[in-house]
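Here the protein sequences line up with chains A and B, keeping their order. Counting in my numbering, the final residue of the first sequence is number 670, and the numbers go up one at a time with none missing. Counting in my numbering, the final residue of the second sequence is number 513, and the numbers go up one at a time with none missing. Ideal Cβ placement from N, Cα and C applies to all residues, glycine included. One structure below.
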Amino acid sequence: MANLVEQTAQSEHDIRATDSICINESQKQHKWYYNLKYLVVGLFFGVLFVKAEVISWFRIQEMFRLQSFHMYGIIGSAVLVGMISVWLIKRYRIKTILGEAITFTDKKFNKGQIYGGLIFGLGWGLTGACPGPLFAQIGMGATVVIVTLISAVAGTWVYGRFRDQLPH
Amino acid sequence: MLEIIKQPWPWYVAGPLIGLTVPALLILGNKSFGISSSLRHVCAMCVPAKIPFFQYDWKKELWNMFFVLGIFFGGMIAVTFMGNTEPVQLNPSLVKELSIYGVTDFSSLVPVDLVSWDKLLMLPGFIMMVGGGFLVGFGARYAGGCTSGHAIMGLATLQWPSLVATVCFMIGGFVMANWILPFILMM
Numbered sequence: 503m504a505n506l507v508e509q510t511a512q513s514e515h516d517i518r519a520t521d522s523i524c525i526n527e528s529q530k531q532h533k534w535y536y537n538l539k540y541l542v543v544g545l546f547f548g549v550l551f552v553k554a555e556v557i558s559w560f561r562i563q564e565m566f567r568l569q570s571f572h573m574y575g576i577i578g579s580a581v582l583v584g585m586i587s588v589w590l591i592k593r594y595r596i597k598t599i600l601g602e603a604i605t606f607t608d609k610k611f612n613k614g615q616i617y618g619g620l621i622f623g624l625g626w627g628l629t630g631a632c633p634g635p636l637f638a639q640i641g642m643g644a645t646v647v648i649v650t651l652i653s654a655v656a657g658t659w660v661y662g663r664f665r666d667q668l669p670h
Numbered sequence: 327m328l329e330i331i332k333q334p335w336p337w338y339v340a341g342p343l344i345g346l347t348v349p350a351l352l353i354l355g356n357k358s359f360g361i362s363s364s365l366r367h368v369c370a371m372c373v374p375a376k377i378p379f380f381q382y383d384w385k386k387e388l389w390n391m392f393f394v395l396g397i398f399f400g401g402m403i404a405v406t407f408m409g410n411t412e413p414v415q416l417n418p419s420l421v422k423e424l425s426i427y428g429v430t431d432f433s434s435l436v437p438v439d440l441v442s443w444d445k446l447l448m449l450p451g452f453i454m455m456v457g458g459g460f461l462v463g464f465g466a467r468y469a470g471g472c473t474s475g476h477a478i479m480g481l482a483t484l485q486w487p488s489l490v491a492t493v494c495f496m497i498g499g500f501v502m503a504n505w506i507l508p509f510i511l512m513m
């Protein structure tokens, strides 16, 4: 019986981890309000997005036309800082604030990263926003972006619906 | 100090701060940075329709929804209390190119000449908002992540599939911005 429960838990984890690089690997169970701290992180993130003009359609157009260094500087330095942080976390085995070990899961390659990546890129060039900036743009008062967001949810759903028929 | 906060922030300030989101989420609760998954959780919550891809315990990923809700409020706070007074300083050749298509309003971060409720049912606006959104949602899930999950988190953890995805994001964007978008804007 315990074995069966474990198996179900394992396959649930597999489904959740399918085509998702960011999944919750924590084993801990919490009350809902523990999640409020992520809202605070998101808040800082949203402010950064606006203040650094990352969510500007024009800035994205500049990037794809090689007319400005701004976005390359942002993404490049963000990756560098992220890389150093991850290295430090691994090197010193830093734990979470609740004492849990921090885990990293390797991403497996599949052709979806190519096909999906190209499709995503086309959409990014068009909307000038990846999923994060969509939320910030709506918050900023550009309410029509709700339409773009709903359409993105629809795109995700259609992918899920026809996932089996697509080359991976 | 207030003046500095009100001005747009340079890349070397904003970039590293965005990068710090990676360790912040890891240390707060072993969460890998990513945003597009939130769109999948919305599907799993609202319209799972017995599709295996949406049959998982989305409550486990509720943190991600709080995170994107935070981004929404962050956008709100930034424009209300820390708003830029000047329009975005753009490369003059982009300004010149866009003016050919009648895009002359640079006051907002979104191009209001193309993206607004009035323009939703015009062909360029419809393609950009409805079509673009669909491609972003479909492509991000097909690729297994978006700019945050692959380009930042994936590269920060040295995942080569994420590098492949990031290169493809850029190729798609270059093709769209340089060769397809001009035709759409002429419609």
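Report the rounded CA-to-CA distance for residue i versus residue j, giving the unit in angstroms.
i: A:I628; j: B:D439; result: It is Leu, not Ile, that sits at residue 628 of chain A in the sequence shown. Going from the Cα of A:L628 to the Cα of B:D439 covers about 14 Å.
i: A:G657; j: A:G548; result: 23 Å
i: A:V543; j: B:F392; result: 9 Å
i: B:N504; j: A:A603; result: 46 Å
i: A:V649; j: A:L550; result: 23 Å
i: A:R595; j: B:L346; result: 17 Å
i: B:V405; j: A:D666; result: 43 Å
i: A:I591; j: B:N390; result: 21 Å
i: A:S587; j: B:L446; result: 42 Å
i: A:G584; j: B:P349; result: 7 Å
i: B:T473; j: A:I652; result: 19 Å
i: A:A654; j: B:Y382; result: 20 Å
i: A:T645; j: A:K613; result: 35 Å
i: B:M454; j: B:C372; result: 25 Å
Applying a beta-carbon distance threshold of less than 8 Å, which residues of chain B neighbour residue i?
i: A:Q639; result: G401, L435 and V436
Against chain B, does residue i count as a neighbour if the rule is that its beta carbon must be under 8 Å from one of theirs?
i: A:K533; result: no
i: A:Y594; result: no
i: A:Q615; result: yes
i: A:G601; result: no
Could one say the Cβ of residue i lies closer than 8 Å to chain A's Cβ atoms, at least one of them?
i: B:S425; result: no
i: B:F500; result: yes
i: B:E387; result: yes
i: B:D383; result: yes
i: B:L447; result: no
i: B:G428; result: no
i: B:F392; result: yes
i: B:F398; result: yes
i: B:I361; result: yes
i: B:M454; result: yes
i: B:M496; result: yes
i: B:L328; result: no
For residue i, which residues from the same chain have a beta carbon less than 7 Å from its beta carbon, with the 5 sequence-adjacent residues on both sides left out?
i: A:E555; result: R561
i: A:Q639; result: I557, A631 and V647
i: B:K357; result: L351 and W389
i: B:C369; result: F380
i: B:P450; result: L440, I510, L511 and M513
i: B:G360; result: G471, S474, G475 and M479
i: B:P452; result: The sequence given here places Phe at residue 452 of chain B; Pro does not occur at that position. Closer than 7 Å at Cβ, skipping near neighbours: L446.
So residue i contacts chain A; which residues on that side make the cut at Cβ distance below 8 Å?
i: B:F460; result: G625, S653, A654, A656, G657 and V660
i: B:F432; result: F560
i: B:P487; result: K609, K610, F611, N612 and Q615
i: B:M479; result: I523, C524 and G584
i: B:F509; result: Those within 8 Å of B:F509 in chain A number zero; the least Cβ separation is about 12 Å.
i: B:L351; result: Y540 and V543
Ignore the nearest five residues each way along the sequence and tell me which others in residue i's own chain have a CB closer than 8 Å to its CB.
i: A:M642; result: V552 and I557
i: A:M573; result: V556, R561, I562, E564 and M565
i: B:L435; result: V414
i: B:F509; result: none
i: B:I331; result: M408
i: B:S433; result: P413
To which residues of the same chain is residue i closer than 6 Å at the C-beta, ignoring the five residues directly before and after it?
i: B:G437; result: The residue asked about is misnamed: residue 437 of chain B is Pro in this sequence, not Gly. Here the set comprises V429.
i: A:C632; result: W626
i: A:V498; result: For residue 498 of chain A there is no data in the structure shown, the boundaries of chain A being 503 and 670.
For residue i, return the contacting residues in chain B, with the cut-off set at a CB-CB distance below 7 Å.
i: A:Q563; result: L420 and A503
i: A:Q569; result: N417, S419 and L420
Find the residues of chain A that neighbour residue i, judging by a C-beta separation of less than 7 Å, and give them in chain order.
i: B:K376; result: None at all; the shortest Cβ gap to chain A is about 10 Å.
How would you list, in chain order, the residues of chain A whose beta-carbon sits under 9 Å from the beta-carbon of residue i?
i: B:M408; result: V549, V552 and K553
How do the stretch 361-375 of chain B and the stretch 529-538 of chain A stand: do at least 3 beta-carbon pairs fall below 8 Å, yes or no?
At 8 Å Cβ cutoff, the stretches do not touch.
Across the stretch 456-471 of chain B and the stretch 617-625 of chain A, are there enough close Cβ pairs to call them in contact, namely three or more that are closer than 8 Å?
Contact between the stretch 456-471 of chain B and the stretch 617-625 of chain A is present, because at least three Cβ pairs lie under 8 Å.
Segment contact flag, the stretch 338-346 of chain B with the stretch 376-395 of chain B, C-beta cutoff 8 Å, min 3 pairs
No contact exists between the stretch 338-346 of chain B and the stretch 376-395 of chain B.
Between the stretch 605-612 of chain A and the stretch 481-499 of chain B, can you find at least three pairs of beta-carbon atoms closer than 8 Å?
The stretch 481-499 of chain B is in contact with the stretch 605-612 of chain A.
Count the CB pairs spanning the stretch 392-402 of chain B and the stretch 489-496 of chain B that are closer than 8 Å, and state whether there are at least three.
Output reads no: the stretch 489-496 of chain B does not touch the stretch 392-402 of chain B.
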